[in-house]
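Working notes, structure below.
In our numbering, the protein residues as written are 148 to 541.
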């Protein structure tokens, strides 16, 4: 037990497990909680979009201004704000204070995203090997899914004559965030060299000489915009468009998410094409075809099949773009590229989710239009990016 307490990487992963479980408990039911409290689908999409934009600005501040030796305490403060906003939302549930609900909700989302984005930089103070990074991704994904599963099994059950609802899931999320905070406080992070400022000028000079990284970030931005345009509010989509119960929608997303992880490992080991253009087509090109079919048919079952495909192919073929570029940048600039990638993803999802809310109540043909148009541009640029990336290998 004493060895585990002294193992900083284990403690940090244990913190991530607790916080990931907390996120899984409520994050997937967030839009349903807002809808149950009187917020329209358009308003919900705006709240999510604004929260992503707020996260981007705060994340840039963390990256540029917060030194690595102070990152832990920055995360602790973020956790406190997460718990505070979550508690306020619990108290506001069932009231008519819609402005306060929106205000606290988009900050709650933003602080959650900020904490998840800050775990890897903190891990880098302990170790920088690929194994630790892989463990980080695995723990975050696994315990988020376990939290989601636990909440799915809990909903609708009775405890002391009280029905467990979305608000109780939020209460449990706050409890596990508190436990995660206690673990994080107990970890002693000692940096060998205190970083007082971020070498922003040197990094941008490097990017200026390798403009393909800007191109990669723009393609990444468009990809997440497409995802947000159709799956910005997945639980709300499944429960309203297809009349699924919240429990069934939960198991649907969770089951396909697990299958996607398994499929990703199988594809990397056994079914990876030598030509990455083929890999790219199965990851993004086929989506364009499916979106087009949804637009032509205006059929909900064609849309349903498209959603199944999207969830299943979420993890597979990620190596085509992201893995390649992150592994082919100088080590001193890798963290900033990861930050920029995370920020462009959030901005893309913010804009996509805004479009999703705008067309949410329209017919299927109109609903799919933003995703279809953006996906065509995205796929064309991604094909061109694959052809240009050879310059990094020289």
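Every residue, glycine too, gets a C-beta built ideally from N, C-alpha and C. Since we're looking at a predicted model, the values are computed, not measured.
Can you tell me where the alpha helix (DSSP H) holding residue i begins and where it ends?
i           : result
residue 520 : 516-535
residue 453 : 447-459
residue 381 : 381-388
residue 437 : 433-444
residue 404 : 393-416
residue 171 : 155-173
residue 330 : 313-333
residue 232 : 218-239
residue 369 : 359-378
residue 263 : 245-270
residue 177 : 177-183
residue 427 : 423-427
Taking DSSP as the reference, what is the three-state secondary structure of residue i?
i           : result
residue 305 : strand
Are there 16 or more other CB atoms within 10 angstroms of the CB of residue i, so buried, or fewer, so exposed?
i           : result
residue 435 : buried
residue 430 : buried
residue 300 : exposed
residue 503 : buried
residue 199 : buried
residue 498 : buried
residue 182 : buried
residue 178 : buried
residue 256 : buried
residue 316 : buried
residue 266 : buried
residue 510 : exposed
residue 426 : buried
residue 444 : exposed
residue 260 : buried
residue 625 : Here the chain comprises residues numbered 148 to 541, so residue 625 is not present and cannot be evaluated.
Give the straight-line distance between the Cα atoms of residue i and residue j, rounded to the nearest whole angstrom.
i           : j           : result
residue 364 : residue 371 : 11 Å
residue 407 : residue 401 : 10 Å
residue 381 : residue 333 : 36 Å
residue 526 : residue 188 : 28 Å
residue 230 : residue 409 : 33 Å
residue 496 : residue 309 : 36 Å
residue 286 : residue 469 : 20 Å
residue 358 : residue 349 : 14 Å
residue 418 : residue 403 : 19 Å
residue 397 : residue 451 : 15 Å
residue 514 : residue 192 : 14 Å
residue 161 : residue 262 : 14 Å
residue 344 : residue 530 : Interpretation of residue 344 is limited by its pLDDT of 49, a score under 50 that renders its predicted location unreliable; the figure taken from the coordinates is listed afterwards. If you take the alpha carbons of residue 344 and residue 530, they lie about 37 Å apart.
residue 386 : residue 368 : 28 Å
residue 399 : residue 203 : 30 Å
residue 534 : residue 520 : 22 Å
residue 253 : residue 507 : 20 Å
residue 374 : residue 306 : 37 Å
Determine, using beta carbons only, whether residue i comes closer than 8 Å to chain B.
i           : result
residue 376 : Any reference to chain B falls outside this structure, which holds one protein chain only.
- Report yes or no: do three or more beta-carbon pairs, one from the stretch 160-172 and one from the stretch 285-295, lie closer than 8 Å? yes
- Can at least three beta-carbon pairs, one atom from the stretch 320-330 and one from the stretch 413-428, be found at a separation below 8 Å? no
- Report yes or no: do three or more beta-carbon pairs, one from the stretch 385-402 and one from the stretch 482-502, lie closer than 8 Å? no
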